[in-house]
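In the working numbering, the protein residues as written are 21 to 260. Since the structure comes first, as structure tokens, the remarks are kept for the end.
Rendered as structure tokens:
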């Protein structure tokens, strides 16, 4: 069995971003909130890139309906807390990554505590929350605290994974989730300054009820989020 000890497994990454890039990733602490179809792919991509510390936040457990799109959803993980399953999976991929599972729902009451310096400095927050009120609470807490955040808009009722793009919330269109987030932030006095991943594909809605989903789409959104975070980390000034 090949060991992941040392930096041998990161050689291909180092060829792309160099030693300083690897060091920046290894020093970083990223909080991923929401570990469904978008967040689970984002968290795994960050771990495979070499991010040194991940806080994994989700109050839900894996269900059968998650298998079509969530990387942590397996036959033998059904019923288990998503945060713990994600942490265990990361431990088998990159044991050097300090993966901290937090089985909790984010709300106005605890969003600030999640970002508290006493818990360790946070370089970036990846918001993959489904609930609009909770999403707004987390976004507002990050923007007020000066913590970098990237937020995922809607990935449901869409079929084309190539339609995602990274933009400021003020530049979004077509996506119903982005519209709801814009409206909610406007009521809180926030018009721009939030980086998001959104799709310009018109939603496909066949009937009322649960949101339709298919494997490539939320995964693409999560990977786009991880990519934006990694690019920011790699380009960050080296610490003296």
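We put the beta carbon where it would ideally sit given N, CA and C, even for glycine. All figures in this text were calculated on a predicted structure; none of them were measured in a lab.
Report the residue from 226, 156, 96 whose alpha carbon sits nearest the alpha carbon of residue 210. 156
To the nearest angstrom, how far is it from the Cα of residue 97 to the Cα of residue 238? 20 Å
My understanding is that residue 48 touches residue 73, with C-beta atoms under 8 Å, so please give their C-beta distance in whole angstroms. 7 Å
Taking the alpha carbon of residue 119 as the reference point, which residue from 224, 193, 189, 53 has its own alpha carbon closest? Of 224, 193, 189, 53, the residue nearest in Cα terms is 53.
Bridge partner(s) assigned by DSSP for residue 96: For residue 96, which the question treats as bridged, DSSP gives no partner whatsoever.
Quick one, which of 130, 122, 64, 128 has its alpha-carbon nearest residue 80's? 122
If I follow the unbroken beta strand (DSSP E) through residue 121, where does it start and stop? 118-122
Give me the Cα-Cα distance between residue 35 and residue 253, rounded to the nearest whole angstrom. Rounded to the nearest whole angstrom, the C-alpha separation of residue 35 and residue 253 is 16 Å.
Can you tell me whether residue 143 is helix, strand or coil according to DSSP? Reduced to three states, the DSSP call for residue 143 is coil.
Look at the alpha carbon of residue 29 and the alpha carbon of residue 113, and state the distance between them as a whole number of angstroms. Those two C-alpha atoms are separated by around 10 Å.
Along the alpha helix (DSSP H) that carries residue 126, what are the first and last residues, could you check? Counting along the chain, residue 126 falls outside any alpha helix (DSSP H), and DSSP gives it neither H nor E.
Alpha carbons only, please: which of 159, 164, 130, 91 is nearest the one belonging to residue 243? Among 159, 164, 130, 91, the Cα nearest to that of residue 243 is on 91.
Cβ of residue 126 within 7 Å of Cβ of residue 94? no
Considering residue 255, what are the terminal residues of the alpha helix (DSSP H) in which it resides? 236-255
Taking only the alpha-carbon atoms, compute the straight-line gap between residue 174 and residue 106 and give it to the nearest angstrom. 22 Å
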